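**Student:**
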Amino acid sequence: MINARVADIFRAIAELLEIRGGNPFRIRAYGRAADRIAAMQEDVGPYAAQGRLEELEGIGKDLAAKIEEIIATGSCRHYEDLKKIIPRGVVDMLAVPGIGPKTAKLFYDELDIRSVAALRRAARRGRLAGLPGVRQKTVENVLKGIELVEKGRQRMDIETARQVAGAVVGELKNLKSVKDIEPAGSLRRGRETVRDIDILAASFKPAQVMEAFVALPFVKRVSAHGATKSSVLTKDDIQVDLRVLAPSAFGAALLYFTGSKDHNIKLRQLAIRKKLRINEYGVFDKKERCLASRSEAEIYARLGMDFIPPELREDKGEIEAARRHRLPRLVTLKDIRGDFHAHTNYSDGRNTPEEMATAARRLGYDYLCLTDHSVSLRVARGLDKERLKKKRAHIDKLNGRLKGLRLLFATEAEIDADGRMDYPVDILRTFDVVVAAVHSGFKQSRAHLTRRIVRACRNPDVHIIAHPTGRQWPARPSYEVDFDEIFKAAAATNTALEINGHPMRMDLGDIPARAAKEAGVRLAIGTDAHDAAHLDYMRFGVGLARRAWLEKKDLLNTLSLEKLLKVIKK
DNA sequence: GCCGTTTTCGGCCCGACTGTTTTCAGTCG
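For the first sequence, this note's numbering assigns the number 12 to the initial residue and increments by one for each residue that follows.
In structure tokens:
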């Protein structure tokens, strides 16, 4: 996709300009444009063809011309010229924590270091010490940083992040000096994956909290330890940042520490236009009087806008919507009446239908789809005709006993290499709900995969398409599909697309899910539970749905059983 | 390089921590 190419080049230009020491605002313009284009659901191609590139935020005359040049030639002059001046390896050094553009340039200019490997050799041989501003400590940090970057500190799934954050909060919340403590950052925003854990605490005695934090049993290394802010690396190489502020500033600090960065910048710019200043301590006027600080709601109100839920804080139109009082009424966990994707021990799940039912009742559900795998997925003990009969009888019997919860006889059926279902029509029609999924042929072309899924949508017996892009964290990336085609087919055939809330999947992602809604497609959250405890992953599915601006009416999960059974018939 | 309910020029978010300094630049989020 051309967007990725454009974004990569703009990001590279930003890095190269940083090292050269260009105008920081110009550098940021490239960086912002890169982020903006990477996050777009639509292709920039048509915008260029219609001369509408400058309508995009952050794209002016100059960048529009560069985008056109990249579309036409695959690259742009400016980028090619910069690459000749600064070797690739110098840019790679920026990935080392602690090394920024100035330091990378220093090493390159003074010692002609052109790669991370060369940097390590130079550090070990003692060639770095003695450079301006470099002494022993800096050399040590460079070596530690390289070690870290080579271990590949990658993003973690949201469940892992929640557990790590929970462990830290659990240890610190019992301290007398901690008045309040809450995870912030991308975890609070419900992002699909998380890089660092950010935690915010309110206390009158920040030093005590800092001491307790860096002394936690699972801390391997302390990378920063100040009066109100510390960073540590856990034994699993996960970075955790803790910031401590006075309770009176908790709202302002939570807002700041939750981000996103782009959201914060936009808010602060807005404040400047109102002759105000925002920082983590509050909203201040020109005379340094604090106008709001205790709660996030108070701060948004002071800026003349509605409260923005954390999941929306990505600078994707939420600030404008909040000012016009047009934010969506986001779906909540309480609105959810059932789960569309759960496995039992009939196929590859760990628990019996009874155990799954008990867990679903605990969550207060009206219904639960037991979507065991279909016949052709042998590795997952997919069900043949005989075992389907047994399962059907089993579920009917259970439903006779259960009060308040209905187990739906369902399947996660295979979409074959040509887009057909692996069960024949007479079997498909026996299910209450048919969830169709691609589990094979990931390497087919984008066009072929799109055709398969479109064909599944058009199948009158298919109700939901599971995990539409097939990604699995961390090993398997999404396969490429033409979302426009799939959304068109899904909307036209009343087929729902799944938001798979399993932390290893989180698929559809927030951006395509929002685009699906805008294309008139209904969505259905499924947890893909293979264990009764996994039904709790609904929280992640709902978080994702909220990030996609979804309201109650956009999801099948919010329908009563009666309505659901009516709506789902095609 | 972008952008305008003060502006087509002159701004551009804001502060903590580190390591090296002795008042601050660089990095990070």
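Even glycine gets a Cβ: it sits at the ideal position worked out from N, Cα and C.
Given the structure is predicted, the values throughout are model-derived calculations rather than measurements.
Which partner residues of K1 appear in the DSSP bridge assignment?
**Tutor:** Since the first residue shown for the chain is 12 and the last is 581, residue 1 is missing from the structure and cannot be characterised.
**Student:** With a floor of 4 residues, list each alpha helix (DSSP H) that falls wholly inside the stretch 234–318, ordered by position along the chain.
**Tutor:** DSSP runs (the alpha helix (DSSP H)) wholly in the stretch 234–318: 261–269, 272–284 and 307–313.
**Student:** How far does the beta strand (DSSP E) with K190 in it reach, from first residue to last?
**Tutor:** Residue mapping note: residue 190 aligns to position 179 of the first sequence, counting from 1. Run containing K190: V189 to P194, per the beta strand (DSSP E) assignment.
**Student:** Is R384 helix, strand or coil by DSSP?
**Tutor:** Counting from one through the first sequence, the residue named residue 384 turns up at place 373. Looking at the sequence provided, one finds His at residue 384 rather than Arg. Note: H384 maps to strand in three-state DSSP.
**Student:** How is the beta strand (DSSP E) around T422 delimited, first residue to last?
**Tutor:** Position 411 of the first sequence, counted from the first residue, corresponds to residue 422. That run of the beta strand (DSSP E) goes R417 to E425.
**Student:** If you count every other CB in all the chains shown that lies within 10 Å of the CB of D209, and 16 or more means buried, which is it?
**Tutor:** Indexing the first sequence from 1 puts residue 209 at position 198. Buried: at least 16 other Cβ atoms inside 10 Å.
**Student:** Going by C-alpha distance, which of K95, V101 and K528 is nearest L341?
**Tutor:** Locating residue 341 in the first sequence gives position 330, counting from the first residue. When each option's Cα is compared against that of L341, the closest is K528.
**Student:** Counting only the same chain and skipping the five closest in sequence on each side, list residues whose C-beta sits under 6 angstroms from that of A391.
**Tutor:** The residue given as residue 391 occupies position 380 in the first sequence. Only S358, D359 and H384 meet the Cβ criterion.
**Student:** Which residue from G111, V101 and Y378 puts its Cα closest to that of A128?
**Tutor:** Position 117 of the first sequence, counting from 1, holds the residue named residue 128. The shortest C-alpha separation from A128 is found at V101.
**Student:** Once you ignore the five residues that flank A264 on each side, which residues in its own chain have a CB closer than 7 angstroms to its CB?
**Tutor:** As a position in the first sequence, residue 264 is number 253, starting the count at 1. So the qualifying residues of the chain are L211, R254, L256 and E291.
**Student:** Assuming Y90 and I20 make a contact with CB atoms under 8 angstroms, what is their CB distance in whole Å?
**Tutor:** What you label residue 90 is simply residue 79 of the first sequence in a count that begins at 1. What you label residue 20 is simply residue 9 of the first sequence in a count that begins at 1. Yes, they are in contact, since the Cβ atoms of Y90 and I20 sit about 5 angstroms apart, within 8 angstroms.
**Student:** Give me, in chain order, the residues of the same chain whose beta-carbon lies closer than 8 angstroms to that of N410; leave out the 5 immediate sequence neighbours on both sides.
**Tutor:** For this step, residue 410 is matched to residue 399 along the first sequence. If we look at N410 and ignore the five residues flanking it on each side, its Cβ neighbours are R417 and L418.
**Student:** Round the Cβ separation of E325 and S271 to the nearest angstrom and send it over; I've been treating them as touching at under 8 angstroms.
**Tutor:** In the first sequence, counting from the first residue as 1, residue 325 sits at position 314. In the first sequence, counting from the first residue as 1, residue 271 sits at position 260. Right, the Cβ-Cβ distance comes to about 5 angstroms (below 8 angstroms), so this counts as a contact.
**Student:** Any idea which residues DSSP pairs T204 with across the strands?
**Tutor:** Taking the first sequence and counting its residues from 1, the one referred to as residue 204 is at position 193. According to DSSP, T204 bridges with D168.
**Student:** From R516 to V449, what distance separates their C-alpha atoms?
**Tutor:** Here residue 516 refers to the residue found at position 505 of the first sequence. Here residue 449 refers to the residue found at position 438 of the first sequence. Rounded to whole angstroms, R516 to V449 spans 13 angstroms at the Cα level.
**Student:** If distances are taken between C-alpha atoms only, which option among A543, A535, Y490 and S571 comes closest to L555?
**Tutor:** In the first sequence, the residue the question calls residue 555 occupies position 544. Ranking A543, A535, Y490 and S571 by Cα distance to L555 puts A535 first.
**Student:** Which word fits S241, buried or exposed, when buried means at least 16 other C-beta atoms lie within 10 angstroms of its C-beta?
**Tutor:** Within the first sequence, numbered from 1, the residue matching residue 241 stands at position 230. Under this definition S241 is a buried residue.
**Student:** Find out if the Cβ-Cβ distance for the pair D539, A353 is shorter than 9 angstroms.
**Tutor:** Locating residue 539 in the first sequence gives position 528, counting from the first residue. Locating residue 353 in the first sequence gives position 342, counting from the first residue. Yes. Within cutoff.
**Student:** Compute the beta-carbon to beta-carbon distance between A559 and D521, rounded to the nearest angstrom, for a pair I have assumed lies under 8 angstroms.
**Tutor:** As a position in the first sequence, residue 559 is number 548, starting the count at 1. As a position in the first sequence, residue 521 is number 510, starting the count at 1. Yes, A559 and D521 are in contact; Cβ-Cβ is about 5 angstroms, under 8 angstroms.
**Student:** Less than 8 angstroms between the CB atoms is what I'm expecting for V446 and I475, so what's the real figure, rounded?
**Tutor:** As a working mapping, residue 446 is identified with position 435 in the first sequence. As a working mapping, residue 475 is identified with position 464 in the first sequence. Between I475 and V446 the Cβ distance is about 5 angstroms, and since that is below 8 angstroms, they are a contact.
**Student:** Return helix, strand or coil for R487, following the three-state DSSP convention.
**Tutor:** The sequence position of residue 487 within the first sequence is 476, counting from 1. Of the three classes helix, strand and coil, the one that applies to R487 here is strand, per DSSP.
**Student:** Please state whether the Cβ-Cβ distance between F295 and R288 is less than 9 angstroms.
**Tutor:** One-based indexing of the first sequence puts residue 295 at position 284. One-based indexing of the first sequence puts residue 288 at position 277. Contact flag set, yes.
**Student:** L64 bridges to which residues according to DSSP?
**Tutor:** Along the first sequence, one-based indexing puts residue 64 at 53. Answer by DSSP bridge pairing: none, since L64 is not bridged.
**Student:** Determine whether the beta carbon atoms of P321 and R166 lie at a separation below 9 angstroms.
**Tutor:** The count along the first sequence starts at 1 and reaches residue 321 at position 310. The count along the first sequence starts at 1 and reaches residue 166 at position 155. No.
**Student:** Between E307, L381 and V17, which has its C-alpha nearest A543's C-alpha?
**Tutor:** What you label residue 543 is simply residue 532 of the first sequence in a count that begins at 1. Cα-wise, what sits closest to A543 is L381.
**Student:** Under 8 angstroms Cβ to Cβ from A500, same chain only, skipping five residues before and after it: list those, please.
**Tutor:** Residue 500 sits at position 489 when you count from the first residue of the first sequence. Closer than 8 angstroms at Cβ, skipping near neighbours: I464, V465, C468, R469 and T506.
**Student:** Using the C-alpha atoms, what's the distance from R206 back to A106?
**Tutor:** Indexing the first sequence from 1 puts residue 106 at position 95. Indexing the first sequence from 1 puts residue 206 at position 195. When rounded, the distance between both Cα atoms is 14 angstroms.
**Student:** Which first and last residues belong to the alpha helix (DSSP H) in which D92 is found?
**Tutor:** Taking the first sequence and counting its residues from 1, the one referred to as residue 92 is at position 81. Start and end: R88 to I96.
**Student:** Do you know whose CA, among A25, R557, M367 and F268, lies nearest R43's CA?
**Tutor:** Reading the first sequence from its first residue, position 32 is the one you call residue 43. When each option's Cα is compared against that of R43, the closest is A25.
**Student:** So, using beta-carbon positions, are I48 and L67 closer together than 9 angstroms?
**Tutor:** Position 37 of the first sequence, counted from the start, is the residue given in the question as residue 48. Position 56 of the first sequence, counted from the start, is the residue given in the question as residue 67. Yes, these two residues count as a Cβ contact at 9 angstroms.
**Student:** Just to confirm, are P108 and V175 a CB contact at a threshold of 9 angstroms?
**Tutor:** As a position in the first sequence, residue 108 is number 97, starting the count at 1. As a position in the first sequence, residue 175 is number 164, starting the count at 1. Not closer than 9 angstroms, so no.
**Student:** Taking just the CA atoms, how far does R373 sit from D585?
**Tutor:** With the chain running from 12 to 581 in the structure shown, residue 585 is simply not present.
**Student:** Can you grab the Cα-Cα spacing for the pair T269 / R389, in whole Å?
**Tutor:** As a first step, residue 269 must be located in the first sequence, where it is residue number 258. As a first step, residue 389 must be located in the first sequence, where it is residue number 378. Near 44 angstroms, if we compare the C-alpha coordinates of R389 and T269.
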